[in-house]
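*Asks:*
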Amino acid sequence: DAGVIQSPRHEVTEMGQEVTLRCKPISGHNSLFWYRQTMMRGLELLIYFNNNVPIDDSGMPEDRFSAKMPNASFSTLKIQPSEPRDSAVYFCASSSDQGQPQHFGDGTRLSIL
Amino acid sequence: KQEVTQIPAALSVPEGENLVLNCSFTDSAIYNLQWFRQDPGKGLTSLLLIQSSQREQTSGRLNASLDKSSGRSTLYIAASQPGDSATYLCAVRTGANNLFFGTGTRLTVIP
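Protein sequence lines, in the order shown, are assigned to chains V and W.
Counted the way my numbering counts, the first sequence spans residues 133 to 245.
Counted the way my numbering counts, the second sequence spans residues 22 to 132.
#1: Beta carbons nearer than 8 Å to chain V: which residues of the region 66 to 88 of chain W have them?
#2: When you compare the CB of ARG241 of chain V with every CB in chain W, is at least one pair closer than 9 Å?
#3: Run the CB neighbour count on ALA220 of chain V, radius 10 Å, all protein chains shown included, and call it buried at 16 or more, exposed below.
#4: Does ALA225 of chain V come within less than 9 Å of chain W when only Cβ atoms are used?
#5: Could you name the residues of chain W that ASP238 of chain V contacts, counting a contact when the two beta carbons are closer than 9 Å?
#6: Give me the subset of the region 32 to 57 of chain W whose CB atoms are less than 7 Å from a CB atom of chain V, sorted by chain position.
#7: Compute the Euclidean distance between the alpha carbons of ARG58 of chain W and ILE51 of chain W, then round it to the nearest angstrom.
#8: For a test of the three-state rule: what should DSSP assign to ARG93 of chain W, helix, strand or coil?
#9: Taking a contact to mean a Cβ-Cβ separation below 9 Å, would you say ILE187 of chain V touches ARG217 of chain V in this structure?
#10: Rounded to the nearest angstrom, what separates GLY135 of chain V and GLY231 of chain V at their Cα positions?
#11: Just the chain V side, please: which residues come within less than 7 Å of THR124 of chain W by C-beta, in chain order?
#12: Grouping DSSP H, G and I as helix and E and B as strand, with all else coil, what is ARG241 of chain V?
#13: Within the continuous beta strand (DSSP E) that includes THR152 of chain V, where are the two ends?
Encoded structure:
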C-alpha cells in the first residue's frame, strides 16, 4: 500500500517566485495535515483538512501561504511570493480518523535563495 | 499553548544497552500521545500511539508509557541496535486534532 506521496522532494528557487508543494494522502484517509520543520522551531502544524475542508489554519504564517484540497486524493500548499525565511522541510501527513496515527510523507526540502 | 519537551537532546549508547527517552508536556488535557522515529532526510514513522486512557503500549522491543497527570511519557528501547539510530519525536494531540511536537532526541547506537 502506497504511503503519503509528496512532490517535489527538493525545490530550490529564488525569492519572489511562487512555490507549489503537492501531496497525495493515503487512500481512504479523511484527514490531511501540512507541517513545516526547521532547526529553530522543530515541527509545526500549518493547516489541516478533514473531509477536504480546512479545519484549522491558525498555523499558516501569513497571507503568502495558502493551501487547498480540491478532492480527497490531492492537496497543495502554495507560497507566493516566497522568501528566504520560508526555507524548511514541509511535510504532509494523513490519518484515517481523528485520534488515529498520522502517517507522514518524506517531505519537500525547500530552499529559497 | 501546549509545550512539549524532550530530554536528552542527544544520546549515544553502545549496542545491546537498554535505554529510556523522556517526553514531558505542560497541559495534561490530551487525547493521545504518539512516538515517532525520523531518519535523516526522511519523514516521520509512527512507532506507538497511547490513548489518554491508556498507561502503556508495546511493540516489539519498544515500550511507551504515559502518565497524563504528571505530563510525562517515556519510550523504552530494549537491547538497542545500530539500526535504532535516528531522531525520536514525541507528539501530543490536544483537541481539534492538533499535534504538538517535541524537538526530539537524536539517538546513536554504537556497534
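All residues carry an ideal CB built from backbone N, CA and C; glycine is no exception.
Owing to the predicted nature of the structure, the values given are computational and were not obtained by experimental measurement.
*Replies:* With the given structure in hand:
#1: Of all residues in the region 66 to 88 of chain W, THR66, SER67, LEU70 and GLN72 have a Cβ within less than 8 Å of some Cβ in chain V.
#2: Closer than 9 Å to some Cβ of chain W, the Cβ of ARG241 of chain V qualifies, so yes.
#3: Buried.
#4: By this cut-off, ALA225 of chain V is an interface position.
#5: Think of a sphere of 9 Å around the beta carbon of ASP238 of chain V: the chain W residues whose beta carbon falls inside it are GLY62, LYS63 and GLY64, in chain order.
#6: Along the region 32 to 57 of chain W, going in chain order, the ones with a CB nearer than 7 Å to a CB of chain V are TYR52, ASN53 and GLN55.
#7: One C-alpha to the other measures close to 21 Å.
#8: Looking at ARG93 of chain W - three-state DSSP - the assignment turns out to be strand.
#9: No; because the gap between Cβ atoms is not below 9 Å, this pair is not in contact.
#10: Put simply, the backbone Cα of GLY135 of chain V is about 18 Å away from that of GLY231 of chain V.
#11: Within 7 Å Cβ-Cβ: GLY174.
#12: It is a strand residue.
#13: Counting along the chain, the unbroken beta strand (DSSP E) around THR152 of chain V starts and ends at 151 to 156.
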